[in-house]
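Structure record follows, encoded as structure tokens.
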Amino acid sequence: MGRPHKERRIEQLPPVTHYKPAGVPLRNITEEMVITVEEMEAMRLADIEQLDQATAAERMDISPATFNRLLSSAHKKIATALWQGYALRIEGGNFRIAGQRPSGRFVCQACGHQWAAPRGHGHCGRHTTCPACLSPNVSRQQ
Numbered sequence: 000m001g002r003p004h005k006e007r008r009i010e011q012l013p014p015v016t017h018y019k020p021a022g023v024p025l026r027n028i029t030e031e032m033v034i035t036v037e038e039m040e041a042m043r044l045a046d047i048e049q050l051d052q053a054t055a056a057e058r059m060d061i062s063p064a065t066f067n068r069l070l071s072s073a074h075k076k077i078a079t080a081l082w083q084g085y086a087l088r089i090e091g092g093n094f095r096i097a098g099q100r101p102s103g104r105f106v107c108q109a110c111g112h113q114w115a116a117p118r119g120h121g122h123c124g125r126h127t128t129c130p131a132c133l134s135p136n137v138s139r140q141q
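Quick note, the sequence shown lines up with residues 0 to 141 if you use numbering that gives the first Met the number 0.
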């Protein structure tokens, strides 16, 4: 197992976390694209605030190369979702909100997947499921 990814700093959570094609009932949408919170933050900094990548990377506390990978991944996922008519869900990732307590780390006892969720946002080891295998058998890491 490789070393864990460094938490990326975000300044705010996205105000909306789900999008779907207009005029298509959610029950008729069979495909969904998931974009992480830090991918959305990279897009917000680059596309909305129009920061250069070095400045945006510094604000997220990551390298410019990592910022570029996040931004490229986000653009590809959103373009695919728009072109294919997929729903878009924003969730997960490995981040902390600037000025708030660090995130809680979780591990799935069923598949070994590890992830982070911000503290104080309703995530608790006994009330969450693994994002990889959906097992409820998860615990908080120390």
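C-beta: ideal position from N, C-alpha, C; glycine also.
Given the structure is predicted, the values throughout are model-derived calculations rather than measurements.
Going by alpha carbons, who is nearest to residue 16 out of 57, 9 and 39?
The shortest Cα separation from residue 16 among 57, 9 and 39 belongs to 39.
Assign residue 132 to buried or exposed, taking buried as 16 or more other Cβ atoms, counted over all protein chains shown, within 10 Å of its Cβ.
So residue 132 counts as exposed.
Looking at the structure shown, is residue 17 part of a helix, part of a strand, or coil, going by DSSP?
Per DSSP, reduced to three states, the secondary structure at residue 17 is strand.
Cβ separation of residue 7 and residue 94, assumed to be a contact under 8 Å, to the nearest whole Å:
Contact holds; Cβ gap of about 5 Å.
Around the C-beta of residue 82, are 16 or more other C-beta atoms found within 10 angstroms, so that it is buried, or is it exposed?
That one is exposed.
Tell me the residue span of the alpha helix (DSSP H) that contains residue 189.
Coverage of the chain is limited to positions 0 through 141, which leaves residue 189 absent and any answer about it impossible.
How long is the line joining the alpha carbons of residue 91 and residue 69, rounded to whole angstroms?
Our two residues, residue 91 and residue 69, have alpha carbons roughly 14 Å apart in a direct line.
Helix, strand or coil at residue 81 according to DSSP, with G and I counted as helix
Helix at residue 81.
So residue 9 and residue 96 are supposed to be a Cβ contact under 8 Å. How far apart are they, rounded?
Confirmed, Cβ separation roughly 6 Å.
Runs of 4 residues minimum, wholly inside the segment 27-53: which ones carry the alpha helix (DSSP H) assignment?
Within the segment 27-53, the complete alpha helix (DSSP H) runs of at least 4 residues are 36-42.
I'd like the span of the beta strand (DSSP E) that includes residue 107, first residue to last.
Segment 103-107, the beta strand (DSSP E) holding residue 107.
Distance, residue 21 Cα to residue 114 Cα:
Going from the Cα of residue 114 to the Cα of residue 21 covers about 32 Å.
Hey, residue 134 and residue 116: beta-carbon distance below 7 Å or not?
Not in contact: residue 134 and residue 116 (Cβ atoms no closer than 7 Å).
Go through its chain and collect everything with a Cβ distance to residue 128's Cβ below 8 Å, but skip five positions before and after it.
Around residue 128, the same chain offers 134, 135 and 137 as residues with beta carbons nearer than 8 Å, after the five sequence neighbours per side are excluded.
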